[in-house]
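Student: Here it is, the structure in full.
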Amino acid sequence: MFEELLEKIAPELNYRVSRESQQHEVHMGKHQNNKSITLKTTVMVLAALLFSMIILGCGGNGSPVDVAKEYMNSIVNNDFSRAYELLAQSNKEAKSVEEFKPSIGEETREYIKCLEYSLIEITPTDAKVRITHPEEDDFVLLLVREDGEWKIDFDASMDYVQSLENGTRITLEILGDYSESDIEGAIATIEARLSSLEIYSRNVRQDDGNVIVEIPRDEDVSNVVEIITQSGELQFREVMEVIAEGDPRYEGTPLTVFDSDDTDAYLALSKQEITLPYVSKEGEGLKVRLGPTRLTGDIIASADAQLDASRGGYKITFKLTDEATPEFAALTQELMGKQIAIVLDHKLESFPTVQEAIETGEGEITGDFTREEAGEIVTIIKAGAFPVRFGKNPVIEEF
4 MFEELLEKIA PELNYRVSRE SQQHEVHMGK HQNNKSITLK TTVMVLAALL
54 FSMIILGCGG NGSPVDVAKE YMNSIVNNDF SRAYELLAQS NKEAKSVEEF
104 KPSIGEETRE YIKCLEYSLI EITPTDAKVR ITHPEEDDFV LLLVREDGEW
154 KIDFDASMDY VQSLENGTRI TLEILGDYSE SDIEGAIATI EARLSSLEIY
204 SRNVRQDDGN VIVEIPRDED VSNVVEIITQ SGELQFREVM EVIAEGDPRY
254 EGTPLTVFDS DDTDAYLALS KQEITLPYVS KEGEGLKVRL GPTRLTGDII
304 ASADAQLDAS RGGYKITFKL TDEATPEFAA LTQELMGKQI AIVLDHKLES
354 FPTVQEAIET GEGEITGDFT REEAGEIVTI IKAGAFPVRF GKNPVIEEF
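Going from the sequence shown to the numbering used here is simple: count from 1 and add 3.
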């Protein structure tokens with residue numbers, strides 16, 4: 004439904020649309036090698052172009068939301084003169100206001116009504132806007148400031164969306180059998196983690212027992228892989244015993260081995276005692292024996308990284324959901340005077356002594372974190388744990 008609209012709203016890109024094997028492809032005629040992008044990307048681009056003219060368009064007259072509503076009404080009512088004014092000067096050179104006017108059908112109107120936006124970044128000269136639709140991925144729109152007003156940099160926005168034509172593909176193997184809703188939940192978690200890394204030009208999909216993640220080639224792929232492959236499983240466990248290096252039992256106490264390839268055994272460990280290593284602030288090696296999981300990360304409503312004034316470095320503060328607050332209060336009441344371990348992806352982050360019952364629904368995770376480490380932990384906690392297990396070694400390739 005977007006073919007005509009694309010041709011009229013961006014004629015300088017010379018779009019032509021064909022159907023092959025019941026699949027749409029869009030061919031960009033101005034490229035010598037006739038590269039193609041899927042219709043999904045085309046729809047994303049169209050959403051960007053239409054909604055781009057909404058965002059920050061009034062140059063200080065009203066809020067972005069007010070401007071969005073004004074522009075949306077102008078599109079729906081076929082009033083395109085204002086929208087044309089919002090294009091950057093370099094983009095206007097390609098077409099006149101008459102050429103700009105598309106013919107919009109009812110289906111397209113309904114599509115436009117579903118679009119949402121949020122401001123990601125703004126400087127005196129540039130801005131980045133996230134465009135979202137309930138059935139499409141998030142992506143970024145670029146704007147420039149001309150004569151004190153925000154204008155849409157059409158070409159730069161198109162280049163940004165098309166950056167996935169030459170990118171990096173990360174293939175995550177799904178271990179075991181899961182429902183479609185579980186796999187969709189895992190994809191949503193990956194999407195949330197990528198958004199926290201401000202990677203909005205991306206493609207995440209299921210394909211033959213794998214989850215495929217495609218990102219622009221200039222992104223830090225090693226960091227992306229580290230963030231998206233962590234299970235994000237946060238556990239609160241009772242500390243049963245702490246064994247120091249000088250203790251005669253230290254050498255004879257085995258650490259728990261985690262094999263994520265054995266899904267059943269891996270999941271069963273949440274209900275079992277485990278022993279994890281820990282290095283104290285003084286550099287002393289410890290082996291900490293922990294009881295079964297008492298609470299998990301789904302009790303956390305929000306998390307943030309903050310400076311730790313008393314210990315130095317950074318800490319993670321969190322706020323519990325309203326439903327979980329009494330559960331956490333009961334647990335800390337039970338463990339008063341004992342230690343409670345906070346474990347993320349089977350790494351012991353800290354095990355503070357419970358001084359009193361925590362009834363406020365707020366807590367913190369300390370561990371002499373750097374800013375980057377704390378930020379990564381917050382990213383994983385916010386996005387939540389994966390409802391499926393992935394293989395240890397993702398396949399990484401450029402395309």
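Even for Gly, the Cβ is constructed at its ideal location relative to N, Cα and C.
If you're wondering where the values come from, they're calculated on a predicted model, not measured in any experiment.
Can you round the beta-carbon distance between Gly300 and Leu237 to whole angstroms, since I take them to be within the 8 Å contact cut?
Tutor: The pair is a contact, with the Cβ atoms about 3 Å apart (cut-off 8 Å).
Student: Just the Cα atoms here: how many angstroms apart are Leu52 and Lys385?
Tutor: The predicted model places Leu52 with a pLDDT of 45, which falls under 50 and marks its position as unreliable; any figure quoted below should be read in that light. Their Cα atoms are separated by approximately 30 Å.
Student: I'd like to know whether the C-beta atoms of Ala332 and Ile361 end up nearer to each other than 8 Å.
Tutor: Cβ atoms of Ala332 and Ile361: closer than 8 Å.
Student: Under the rule that 16 or more other beta-carbon atoms within 10 Å means buried, what is Thr373, buried or exposed?
Tutor: When all chains shown are included, Thr373 counts as exposed.
Student: Decide if Val291 is buried, meaning its Cβ has at least 16 other Cβ atoms within 10 Å, or exposed.
Tutor: Result: buried.
Student: Following the continuous beta strand (DSSP E) through Ser234, name the residue where it begins and the one where it ends.
Tutor: Ser234 -> no beta strand (DSSP E), and no H or E assigned at all.
Student: State buried or exposed for Gln309, treating a residue as buried only when at least 16 other CB atoms are found within 10 Å of its CB.
Tutor: It is exposed - the Cβ of Gln309 has fewer than 16 other Cβ atoms within 10 Å.
Student: When DSSP builds the beta bridges, which residues end up paired with Tyr120?
Tutor: Ile134.
Student: What does a CB cutoff of less than 7 Å around Phe389 pick up in its chain, not counting 5 residues either side in sequence?
Tutor: Around Phe389: Ala189, Thr192, Ser234 and Gly235.
Student: What residue range does the beta strand (DSSP E) around Ser313 cover?
Tutor: Premise fails: Ser313 is in no beta strand (DSSP E) and is neither H nor E.
Student: Within the same chain, show all residues whose beta-carbon is closer than 8 Å to that of Val207, passing over the 5 residues directly before and after it, in chain order.
Tutor: Cβ neighbours of Val207 beyond the five flanking positions: Asp140, Ile190, Ile193, Glu194, Leu197, Val214, Ile215, Val216 and Glu217.
Student: Tell me whether the stretch 225 to 233 and the stretch 167 to 179 touch, counting them as touching only if at least three CB pairs, one residue from each stretch, are closer than 8 Å.
Tutor: Touching, yes, given that three or more Cβ pairs across the two stretches are closer than 8 Å.
Student: Can you tell me which of Gln209, Arg205 and Ile399 puts its alpha carbon nearest to the alpha carbon of Ser184?
Tutor: Checking every option, the nearest Cα to that of Ser184 belongs to Gln209.
Student: Are the CB atoms of Asp371 and Arg314 within a distance shorter than 8 Å?
Tutor: Yes, the pair counts as a contact, with Cβ atoms nearer than the cut-off.
Student: Which residues in the same chain as Thr382 place their Cβ atom closer than 8 Å to its Cβ, once the five residues preceding and following it in sequence are excluded?
Tutor: The answer, listed in chain order, is Arg196, Ser199, Leu200 and Ile230.
Student: Output the residue ranges of the beta strand (DSSP E) runs that lie fully inside the stretch 239 to 301 and measure 3 residues or longer, sorted by chain position.
Tutor: Fully enclosed beta strand (DSSP E) runs of 3 or longer: 277 to 282 and 288 to 299.
Student: Between which two residues does the alpha helix (DSSP H) containing Ile186 stretch?
Tutor: Element bounds for Ile186: Glu183 to Ser199.
Student: So the candidates are Leu293, Tyr181, Leu90 and Lys395; which of them puts its Cα closest to the Cα of Asp262?
Tutor: Closest option to Asp262, Cα to Cα, is Lys395.
Student: Quick check on Gln25: does DSSP put it in helix, strand or coil?
Tutor: Since pLDDT at Gln25 reaches only 29, below the 50 mark, its modelled position is unreliable, and no value is offered.
Student: What do you reckon, are the CB atoms on Thr356 and Gln342 nearer than 8 Å?
Tutor: Their beta carbons are under 8 Å apart, which means Thr356 touches Gln342 by this criterion.
Student: Going by DSSP in three states, Tyr317 sits in which element: helix, strand or coil?
Tutor: If DSSP states are grouped into helix, strand and coil, Tyr317 belongs with the strands.
Student: Mind checking which residues open and close the beta strand (DSSP E) that includes Leu178?
Tutor: From DSSP, the beta strand (DSSP E) with Leu178 extends over Gly170 to Leu178.
Student: For Glu294, which residues from the same chain have a beta carbon less than 7 Å from its beta carbon, with the 5 sequence-adjacent residues on both sides left out?
Tutor: A small fix is needed here, since residue 294 is Gly in this sequence, not Glu. Answer for Gly294: Arg240, Glu241, Met243 and Glu276, listed in chain order.
Student: Ala91 and Asp156 - do their beta-carbons sit closer together than 8 Å?
Tutor: Result yes, Cβ atoms of Asp156 and Ala91 sit closer than 8 Å.
Student: Tell whether a beta-carbon distance below 8 Å holds between Leu144 and Ile134.
Tutor: Cβ distance < 8 Å, so Leu144 and Ile134 count as in contact.
Student: Under 7 Å Cβ to Cβ from Glu248, same chain only, skipping five residues before and after it: list those, please.
Tutor: Cβ within range, chain order: Glu287 and Gly288.
Student: Considering only their Cβ atoms, is the gap separating Arg148 from Pro127 smaller than 8 Å?
Tutor: Closer than 8 Å, so yes.
Student: Based on the DSSP secondary-structure assignment, which residues constitute the bridge partners of Val216?
Tutor: DSSP lists Ile173 and Val207 as partners of Val216.
Student: Below 6 Å CB to CB, which residues in the same chain sit around Ser273 once its five sequence neighbours on both sides are set aside?
Tutor: Same-chain partners within the cutoff: Thr296.
Student: Here's the rule: buried if 16 or more other CB atoms are within 10 angstroms of the residue's CB, otherwise exposed. What is Lys154?
Tutor: Buried: at least 16 other Cβ atoms inside 10 Å.
Student: Under the three-state reduction of DSSP, which class applies to Ser99: helix, strand or coil?
Tutor: DSSP places Ser99 in coil when its eight states are reduced to three.
Student: Is the Cβ-Cβ distance between Leu323 and Ile303 less than 8 Å?
Tutor: It is a contact, given that the beta carbons lie within the stated cut-off.
Student: Just mark Thr256 as buried or exposed, buried being the case when its beta carbon has 16 or more other beta carbons within 10 Å.
Tutor: Exposed, by the Cβ-count rule.
Student: With a floor of 3 residues, list each beta strand (DSSP E) that falls wholly inside the stretch 338 to 367, ordered by position along the chain.
Tutor: As far as the stretch 338 to 367 is concerned, its whole beta strand (DSSP E) runs of at least 3 residues are 343 to 347 and 350 to 353.
Student: Check whether the Cβ atoms of Arg392 and Gly212 lie closer than 8 Å to each other.
Tutor: No, these two residues do not count as a Cβ contact at 8 Å.
Student: Report the rounded CA-to-CA distance for Glu359 versus Asp307, giving the unit in angstroms.
Tutor: Whole-angstrom Cα-Cα distance: 23 Å.
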